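Participant:
Number of protein chains: 2
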Amino acid sequence: MTQIAKTPAPPYYAVIFTSIRNDKENQGYNQMAQAMSALVEQQPGFLGVESARNSDGLGITVSYWDSLDAITSWRDHSAHQVAQEKGREIWYGAYTARICKVEREYSL
Amino acid sequence: MTQIAKTPAPPYYAVIFTSIRNDKENQGYNQMAQAMSALVEQQPGFLGVESARNSDGLGITVSYWDSLDAITSWRDHSAHQVAQEKGREIWYGAYTARICKVEREYSL
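Chains as they are written, first to last, in the working numbering: chain H, 367 to 474; chain R, 367 to 474.
So this is what it looks like as structure tokens:
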């Protein structure tokens, strides 16, 4: 089961990635998602990730990072670049990525 | 179908609300979620919202705002306060809310 990320006291950074999956190549997508999920956890500055997707195809993945440089390094990682290219060409009907500075956090 | 929010050029603000639903009082929860969804769209400074939930209970709702003051006003709205109280007491096993400044955005 996916969990709520345990992040440090702010400030830190977040990438909100909202996407619409089409119905193409589900097996390839799921394999790549698993591979990227394992790889992102090894990246310098990675703090955590949360992900949810509705049955209608809209999904939100939020990854947390200790700096903007860490976000840029992950964006430019060669294996991640391959995944992004396939996402643009095959798997996503649309997406928006938003780079944010987390200023406050509170939890139950 | 839920859509990707059409937000203006950054900077603007986001509230990332990640939660774990328990199995309690689904009908009451769904009614309140619909009521809050209608009400939030009427709030000053509201820019849009995106929401997704996995079948295992983890959900992410991101609302977008033009200022921190708009976020505070929505937090303190009387009807929203009632919803938050029921969320803490009945519907959520856990949640984290993160207040963020969106600095960059890109889309497909």
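The beta carbon of each residue, even a glycine, is placed where N, CA and C say it ideally should be.
Note that this is a predicted model, so its numbers are computed, not measured.
1) Whole beta strand (DSSP E) runs in the stretch 416-448 of chain R with 3 or more residues, listed along the chain?
2) For a quick check, are the C-beta atoms of Y461 (chain R) and T373 (chain R) less than 8 Å apart?
3) Which two residues bound the contiguous beta strand (DSSP E) that contains G459 (chain H)?
4) Under three-state DSSP, which class holds G453 (chain R)?
5) What three-state label does DSSP hand A380 (chain H) in the structure shown?
6) What are the partner residues of I386 (chain H), as DSSP defines its beta bridges?
7) As a quick exercise: from H:E407, H:G425, H:R470, H:L424, pick the residue whose alpha carbon is nearest that of I437 (chain H).
8) On a CA-only basis, which of H:N388, H:Y458, H:R464, H:R419 is nearest R441 (chain H)? Give me that one, please.
9) Verify whether the separation of the beta carbon atoms of L405 (chain R) and A445 (chain R) is less than 8 Å.
10) Just to confirm the assignment, what range does the alpha helix (DSSP H) spanning G411 (chain R) have?
11) Can you check whether the C-beta of I456 (chain R) is within less than 8 Å of a C-beta belonging to chain H?
12) Pull up the CB-CB distance for A380 (chain R) and R419 (chain H), whole angstroms please, since I reckon it's below 8 Å.
13) Taking only beta-carbon positions, decide if R441 (chain R) is within less than 8 Å of chain H.
14) Does DSSP put Q369 (chain H) in a helix, a strand or coil?
15) If contact means a Cβ-Cβ distance below 7 Å, which residues of the stretch 395-429 of chain R contact chain H?
Facilitator: Taking the coordinates as given:
1) Within the stretch 416-448 of chain R, the complete beta strand (DSSP E) runs of at least 3 residues are 424-431.
2) Translated into positions along the second sequence, residue 461 (chain R) becomes position 95. Translated into positions along the second sequence, residue 373 (chain R) becomes position 7. Not a contact, by the Cβ cut-off of 8 Å.
3) Translated into the one-based positions of the first sequence, residue 459 (chain H) becomes position 93. 458-473 is the span of the beta strand (DSSP E), which, as asked, contains G459 (chain H).
4) As a working mapping, residue 453 (chain R) is identified with position 87 in the second sequence. Assignment of G453 (chain R) by DSSP, reduced to helix, strand and coil, places it in the helix class.
5) As a first step, residue 380 (chain H) must be located in the first sequence, where it is residue number 14. The answer is strand: DSSP assigns A380 (chain H) an E or B state.
6) Position 20 of the first sequence, counted from the first residue, corresponds to residue 386 (chain H). When DSSP reads this structure, I386 (chain H) sits in a beta bridge with H:L424, H:A460.
7) Numbered from its first residue, the first sequence carries residue 437 (chain H) at position 71. Minimum Cα distance to I437 (chain H) is reached at H:E407.
8) Mapped onto the first sequence, residue 441 (chain H) falls at position 75. The closest CA to that of R441 (chain H), considering only H:N388, H:Y458, H:R464, H:R419, is found on H:R464.
9) Within the second sequence, numbered from 1, the residue matching residue 405 (chain R) stands at position 39. Within the second sequence, numbered from 1, the residue matching residue 445 (chain R) stands at position 79. Their beta carbons are under 8 Å apart, which means L405 (chain R) touches A445 (chain R) by this criterion.
10) Numbered from 1 along the second sequence, position 45 holds the residue referred to as residue 411 (chain R). Going by DSSP, G411 (chain R) is part of no alpha helix (DSSP H) at all; its letter is neither H nor E.
11) Here residue 456 (chain R) refers to the residue found at position 90 of the second sequence. For I456 (chain R), the closest Cβ of chain H is not nearer than 8 Å.
12) By 1-based counting over the second sequence, the position of residue 380 (chain R) is 14. By 1-based counting over the first sequence, the position of residue 419 (chain H) is 53. The pair is not a contact, with the Cβ atoms about 19 Å apart (cut-off 8 Å).
13) For the purposes of this step, residue 441 (chain R) is taken as residue 75 along the second sequence, with counting starting at 1. Not one chain H Cβ lies under 8 Å of R441 (chain R).
14) Translated into the one-based positions of the first sequence, residue 369 (chain H) becomes position 3. Q369 (chain H): coil per DSSP, three-state reduction.
15) Answer set for the stretch 395-429 of chain R: E416, A418, R419, N420, D422, L424, G425, I426, V428.
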